[in-house]
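Asks: Handing you a structure now.
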Amino acid sequence: MPDLPPFRFGIQCSSPPDITAARWRDLARKVEDLGCYRLTVSDHLDDQLSPVAALMAAADATSTLRVGALVFCNDYRHPAVLAKEAATLDILSEGRFELGLGA
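Sequential numbering from 407 applies to the sequence shown in our numbering.
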């Protein structure tokens, strides 16, 4: 049987409208403390946090947790701006950002 990579768990989070910065950071730390590999958020124009800012806050509050959006919506994100935001997130998270794109 071939060697397989370890099975990893991730959590997809939606932020409630009444979320605070402290609660969001605590949530990210809890996800990391549970041993999860990745925290993802969605990119929708509803009452959730902006994914770029939320992912940066989660990365800043943790040390090993990978962060990403399931899919960044290219219908309302200019490719050049998204590329810059993704590169910045990757640098500031020390390589823990994972990019998901959708059509």
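Using N, Cα and C, we set each Cβ at its ideal position, and we do this for glycine too.
Given a threshold of 16 other Cβ atoms within 10 Å of its Cβ, counted over all protein chains shown, does Arg472 qualify as buried or as exposed?
Replies: buried
Asks: Using only the alpha-carbon positions, how far apart do Ser499 and Pro408 sit?
Replies: 32 Å
Asks: Once you ignore the five residues that flank His450 on each side, which residues in its own chain have a CB closer than 8 Å to its CB?
Replies: Cys479
Asks: Compute the Euclidean distance between the alpha carbons of Tyr443 and Ala489, then round it to the nearest angstrom.
Replies: 23 Å
Asks: Among Pro423, Pro412 and Cys419, which one has its Cα closest to the Cα of Asp452?
Replies: Out of Pro423, Pro412 and Cys419, Pro423 has the C-alpha closest to the C-alpha of Asp452.
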